[in-house]
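Numbering follows UniProt numbering, with no gaps: position 439 of the sequence shown is 439.
See structure below.
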Amino acid sequence: MIKRALFSVHDKTGLTPLATELQSQGWSIDSSGGTAEHLQQAGINVITVEEVTGFPAILGGRVKTLHPMIHGGILGQLDKQSDLDDLLRHGIKPYGLVGVNLYPFEKTIRQPGVTEEDAIENIDIGGVALIRAAAKNYRHVAVVTNIDQYSRIISDLQQHGEITLALRKQLASEAYQYTAWYDTAIMNWMAQQEGVEVPLFPEKLILPYQLVQKLRYGENPHQQGALYRVPGFSIPSVVNATQVWGKVPSATTIGDLNAGVETVREMLNLRNFPHWNLAAVVIKHNTPCGLAVGDSPVETYVKAREADPLSAFGGVIALNFPIDAATAHEICAIKVDGVIAPGFADDQALGVIQAAREKAKTPIFIIPELVPLPTGSMNLKYVVGGLILQQADLEPVKLNDWNVVTEKQVPDGQWKDILFGWLAIMHVRSNSVIVVKDGQTLGIGSGQTSRIGSAKIALQQAGEGAKGAILISDGFCPFNDVVTEAAKCGIATVVQPGGSVNDKASIDAANEHGLAMVFTGRRAFWH
């Protein structure tokens, strides 16, 4: 192996021990600019890039290593005679190792008030070229792009006296991942600049994700799992939550925490209603089993739990308000598998949960105060070998656009419950029918293959509470069966999208039984 290294790094952390090990094993070291100064100050013998190329850095340092004397030494194939002849003819010495890390583009664009010029100057050109060249020629050159790789290089050198082909190949793969990530960050930043038009559904979709943590297991204990996040994503959400206590969550718990956060985030649309500024939900298998709004933290949570206390056992709790000690005591009244909320309202709350759940180590997460998702947000649904990209369902609900289609009108006092129920059903798995009253779900029928099946489940759960309540369906009712069943249970108002060729059957049934019915003109499927 050629014992000649080239270093050009922005982050110089940990570089000296690697260079020292190389030098102790007889390697020569070339380096550029600030990297050369850093190594020289550490007592490492360095040949500067300018000495190698015979050409100074130009354009304010934009061009330093882009030179045949450098790239020829990296790309030369030492088992190919014509390459050896070229290197000899031009006096180019080959390299055995190239160490590069790039300008901090992502860090730069996250800084408040960063200018376009600052961002552009932190787009690395020469470094990326060095990395790609060295990775391409991994049979002869080791490419080092991450501080965490230094110890692996040192270990290989000490054990084998060289950097093995197996490690060189692994490092090359990691190098291309590094440059792909870097280019994607630049691509996404460019797409956000003024005057740049990006289609809603681009021909090529590149989605970067960064590891947050490995999970206890995936959906089932025999599956492995990990949580990733979009770089730079700062909206309060489960991927940005901080775990303050408890065991490492499973993928199922993370999925339920996410469903909970997004459900109570939806309730921000009720902030203009007096006494409905707080929301609590219990999630089980990615769908709500109890949801409530109110103005008292502990009462709001208890309403959500008692909406379906049987299903709440072993569920996940999401709140859009800080946890106080009283609410913490109620949370500990049953087994829960996770809690997420915007922090704690007092010093006792976390301790209450820790004391009660010392053995179970229930994962507790905190997030900043929730805000609505930005307009233009998209969501993804993965299918085998691909994904579906669609607009997030963020279109504002406009009650004035909804139509009462029955002889009986909706009492004024029911409209806020209608809005609450519609916002709630947007987060219930289809086919879904729910029963709501006084800012609380009383029955939730979800995931059924027939609408009447979902309706019967919701009405059965609601029991006597269905009298005078509102029944909401996420899709149209193609027959009169749902309305008829609702009437038997004392439902006062039915809300559905409408749009069936058989709408008249439902309207006639509602009129016959003295129910009010509202057509929303929009569907709320969630799969």
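Each residue gets a CB set at the ideal place from its N, CA and C atoms; glycine is no exception.
Predicted model, so just to flag it, every value in this text is computed and none were measured.
Rounded to the nearest whole angstrom, the C-alpha separation of Leu102 and Leu66 is 15 Å. Residue state for Trp415 is assigned as helix, using DSSP reduced to three classes. With contacts defined as CB atoms closer than 8 Å, Arg4 and Pro94 qualify as a contacting pair. In the DSSP assignment, Ile444 falls within the beta strand (DSSP E) that extends over 440-445. In the DSSP assignment, Ile367 falls outside any beta strand (DSSP E), carrying neither H nor E. Under the three-state reduction of DSSP output, Arg429 falls in the coil class, being neither helix nor strand. In the DSSP assignment, Ile154 falls within the alpha helix (DSSP H) that extends over 150-160.
A Cβ-Cβ separation of about 13 Å leaves Ala524 out of contact with Trp402 under the 8 Å criterion. In this structure Asn480 is not in contact with Ala458, their Cβ atoms being roughly 17 Å apart against a cut-off of 8 Å. Counting the other CB atoms within 10 Å of its CB gives Thr362 a total of 16 or more, which places it among the buried residues.
Taking C-beta atoms under 8 Å as the contact rule, Leu227 and Thr263 fail to qualify, at a distance of about 19 Å.
The UniProt domain "MGS-like" (1-145) is shown to contain whole alpha helix (DSSP H) runs of 4 or more residues at 15-24, 33-41, 49-53, 68-75, 81-89, 105-109, 116-121, 126-136, in chain order.
Taking the CA atoms as reference points, Ser430 sits about 28 Å from Val230. By the neighbour-count criterion, in which a residue is buried when 16 or more other Cβ atoms sit within 10 angstroms of its Cβ, Gln149 is buried.
Looking at the backbone, the Cα of Ser311 and that of Asp124 are separated by about 54 Å. Setting aside the 5 residues that flank it on each side, Thr406 is surrounded in the same chain by Ile507, Ala510, Asn511, Leu515, Ala516, Met517, each with a C-beta closer than 7 Å to its C-beta; the list follows chain order. When secondary structure is reduced to three states using DSSP, Val261 falls in the helix class. Shown here for Gln159: not one same chain residue has a beta carbon closer than 6 Å to its own, the five before and five after excluded. Spanning the alpha carbons of Ala392 and Ala241 requires a straight line of approximately 21 Å. The beta carbons of Asp30 and Val9 sit no closer together than 8 Å. Nearest to Asp346 by alpha-carbon distance, out of Ala328, Ile334, Lys214, is Ala328. Rounded to whole angstroms, the Cβ separation of Ala492 and Ala455 is 15 Å, and the two are not in contact under 8 Å. In this structure Leu88 is exposed. Its beta-carbon is surrounded by fewer than 16 other beta-carbon atoms within 10 angstroms. Between Gly315 and Ile283 a beta carbon distance of about 6 Å is seen, short of the 8 Å cut, so the two are scored as contacting. For Val494, the uninterrupted beta strand (DSSP E) run begins and ends at 493-496, by DSSP. The closest CA to that of Leu130, considering only Ala333, Leu165, Gly73, Glu121, is found on Gly73. A Cβ-Cβ distance of about 4 Å is found for the pair Ala135 and Ala172, placing them in contact under the 8 Å criterion. Ranked by Cα distance from Asp337, the options Phe344, Pro322, Ile353 are led by Ile353. The shortest C-alpha to C-alpha distance from Asn137 to any of Phe344, Val98, Asp156 is the one to Val98.
Three or more beta-carbon pairs separated by less than 8 Å link the stretch 36-55 to the stretch 14-28, which places the two stretches in contact.
Contact check for Ala142 against Ile153 passes: the beta carbons are separated by less than 8 Å. With 16 or more neighbouring CB atoms inside 10 Å of its own CB, His427 falls in the buried class. In chain order, Asn277 place their CB closer than 7 Å to the CB of Arg271, counting only its own chain and leaving out the 5 sequence neighbours on each side. Counting only residues of its own chain and dropping the five nearest sequence neighbours on each side, Leu211 has a CB closer than 7 Å to the CB of Ala226, Tyr228. Between the alpha carbons of Arg216 and Ile364 lies a distance of about 15 Å. With respect to the 8 Å criterion, Gly447 and Val435 are not classified as neighbours on the basis of their beta carbons.
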